[in-house]
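Reviewing the structure listed below.
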Amino acid sequence: MNINDHPAHSICGVPGTHMLITRFCSIPWWTRVWVAQEVAVARNVLVVWGSHTFDWGSCTHAIDVLENYTAYLVHNNDDEETRKAWEPINTVILQARAVAVASKWYKDQGIDLKDLLYLFWGSGATDPRDKVYALLGLARDSHPDALVPDYSLKTETVYGMVIKDLVTRSGSLDALMWCSGPTAGSVTGTPTWATDWASQGYFPARPLREMRQRICDDSRLAAIKTPEALFYASGLKDTTPYITYSPDCLRISLLGICVDVVGRLSAPVLRVTPVTSKFLENWQRIADERGTYYVTGETIKIAFTRTIFIDQVQVDVHINDSIHEILLNWQAWLYFMRIFMTSKKGYMGLVPRETEEGDLICIVKGGWVPLILRKKDDYFLMIGEAYVHGAMYGGLIVDWNHPPSPLQQFEVSALLLASKRRDCSDNRSVTPLRELPKEYPKTRLVLGVGI
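Rendered as structure tokens:
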């Protein structure tokens with residue numbers, strides 16, 4: 015892609031445009047999670063900004079084009095000065111785009127709760143429980159036992175209940191892949207297996223199955239992607255998730271086995287950054303410490319190549335420049351908040367940035383991918399999901415009736431710092447929308463003072 019040909023390039027080159035876009039997208043209205051309902055259920059939306067008036071369709075189209083342009087400048091740019099100049103504006107545009115995308119999806123085909131939660135992760139709410147409650151009425155995948163607003167519950171319990179609800183909706187353990195881990199942000203006490211939706215500005219690594227799906231869905235990559243289907247680390251004979259919850263939803267129990275222990279680790283990738291040969295050479299050096307052949311019988315070189323692409327790209331095909339650019343962008347997102355690992359038994363993989371030497375590599379019943387767990391007193395902390403080459407297709411657990419090592423009950427909890435927990439149960443908020451009106455009102459949005 016030649017950035018000079020982008021439709022937003024000439025516009026953004028006009029003096030003052032950078033400041034104008036920043037001011038418009040920085041209006042606090044965009045950052046409130048409750049605006050999702052205000053816009054989504056409205057029949058017509060008119061945006062008023064000072065003396066300027068825009069129809070909603072034109073406004074959201076402009077935001078979409080600008081987000082695409084600024085994202086390219088930030089994530090595919092070797093010029094540090096340019097990247098730093100556009101990074102703040104890309105952040106505020108993403109907030110505005112979340113509102114635009116949610117409104118469009120809701121009216122066009124509906125939107126699932128997990129997608130709503132992710133879109134509005136960076137949004138704000140006076141009560142952190144509203145990061146969930148404000149979105150429940152918009153979700154299309156509701157069910158009879160779905161989560162309902164209850165302001166008598168603590169925030170950490172609500173966030174645990176969200177995962178329980180998402181597991182019920184999907185019939186899989188995929189919701190655990192968004193876990194915030196042991197250093198969950200602003201709501202101290204959030205279970206390590208749950209997601210701290212109140213942690214504005216913090217995003218964990220994109221789930222491995224999502225990154226895999228991006229390759230599968232891109233027709234431009236049809237000639238280079240591997241034929242292998244889904245990840246199924248726990249085997250294909252029984253994919254039913256095994257998970258139980260404590261009454262307060264602060265602890266879960268998973269059934270599984272510990273297959274290995276984390277050994278060597280690389281430095282973390284803390285931002286989405288272009289992938290360079292120097293960057294991967296550091297990982298390659300760690301892999302080469304294991305000798306010539308991998309535990310699966312293939313060479314270390316082939317195993318390493320398959321690992322850095324999470325086994326989604328064939329190792330013996332020619333990759334032209336256009337495909338190479340697509341893969342570099344995909345890799346930048348894949349490596350974000352992840353680190354390269356080799357294990358005590360000689361496996362290699364990609365693990366969450368919070369992983370430490372000595373953490374356990376576990377496979378749980380019904381889990382599509384391995385999990386990194388950390389023993390803490392009489393319970394475990396969940397660090398997150400892992401790609402472990404040689405373990406993704408049932409290679410380490412073929413039959414749960416005859417496991418290679420004794421089954422364990424993994425009791426996974428929060429990092430128990432009770433004195434630092436923030437109890438929001440006394441706060442009150444507006445009861446969120448549960449039944450949407452059949453007739454949508456016309457809405458006029460006044461976003462702030464004049465230019």
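Take any residue in the sequence shown, note its place counting from 1, add 14, and you have its number in our numbering. Where is the CB? At the ideal position from N, CA and C, for every residue including glycine.
Query                                                                                                                           : Result
Three-state secondary structure assigned by DSSP to K315                                                                        : helix
One or two residues paired with Y259 in a DSSP bridge                                                                           : I266
Proximity test, Cβ basis, 7 Å: V329 and chain D                                                                                 : Looking for chain D here will not work: only one protein chain is present.
Stretch pair the stretch 234 to 249 + the stretch 326 to 334: three plus CB contacts closer than 8 Å                            : yes
7 Å Cβ cutoff met for L348 and Y401                                                                                             : no
Proximal residues to Y307 (C-beta, below 7 Å), its chain only, five neighbours per side dropped                                 : T313, I314
Complete runs of the alpha helix (DSSP H) confined to the stretch 26 to 77 [at least 4 residues]                                : 31 to 39, 49 to 54
Assigned exposure category for S137 - 16 Cβ within 10 Å defines buried                                                          : buried
Own chain, CB closer than 6 Å to T310, minus 5 neighbours either side, in chain order                                           : G404
Spatially closest choice to S186 from W382, D155, P218, by CA coordinates                                                       : W382
Residues sharing a beta bridge with Y132, DSSP                                                                                  : Y132 pairs with nothing; no bridge assigned.
Test item: CB-CB of V283 and Q345 under 7 Å                                                                                     : no
Contact the stretch 65 to 79 vs the stretch 164 to 171: 3+ CB pairs below 8 Å                                                   : no
G174, enclosing alpha helix (DSSP H) - first and last residue                                                                   : 169 to 184
Which of helix, strand or coil DSSP assigns to T321                                                                             : helix
Integer-rounded CB distance, given that I353 should sit under 8 Å from S3                                                       : Here the chain covers residues 15 to 465 and nothing more, so residue 3 does not appear.
Entirely enclosed beta strand (DSSP E) segments - the stretch 334 to 398, minimum 3 residues                                    : 352 to 357, 362 to 366, 374 to 378, 385 to 390
DSSP state of I238 mapped onto helix, strand, coil                                                                              : coil
Contacts around S267, its chain only, beta-carbon distance under 6 Å, and the 5 residues preceding and following it disregarded : T258, Q423, E425
Local conformation of Q326 per DSSP, three classes                                                                              : coil
Other residues of its chain near Y407: CB distance less than 8 Å, five sequence neighbours each side excluded                   : E242, F245, Y246, A247
C-alpha distance - E52 paired with C272, whole-angstrom precision                                                               : 47 Å
Pairwise C-alpha distance: A428 and N343                                                                                        : 34 Å
Supposed close pair A110, L130 - CB separation, criterion 8 Å                                                                   : About 16 Å; that fails the 8 Å criterion.
Cα-Cα separation, L269 to T254                                                                                                  : 12 Å
Residue(s) in a DSSP beta bridge with V402                                                                                      : G363
Span of the beta strand (DSSP E) around Q422                                                                                    : 422 to 426
Under the three-state DSSP convention, the category V275 falls into                                                             : strand
C-alpha distance - S336 paired with S233, whole-angstrom precision                                                              : 13 Å
Close beta carbons around G360, own chain, < 6 Å, minus the five adjacent residues each side                                    : R304, V309
Between the CA atoms of G151 and Q123 - distance to the nearest angstrom                                                        : 15 Å
For R228, the first and last residue of its enclosing alpha helix (DSSP H)                                                      : 222 to 231
Range of the contiguous alpha helix (DSSP H) that encloses V106                                                                 : 94 to 122
Residue from I377, D159, M396 whose Cα sits closest to the Cα of D413                                                           : I377
Bounding residues of the alpha helix (DSSP H) (the contiguous stretch that carries T295)                                        : A quick correction: the sequence has Glu, not Thr, at residue 295. Unbroken alpha helix (DSSP H) run through E295: 291 to 302.
Proximity to R220 [Cα-Cα], best of P196, L190, R388, P205                                                                       : L190
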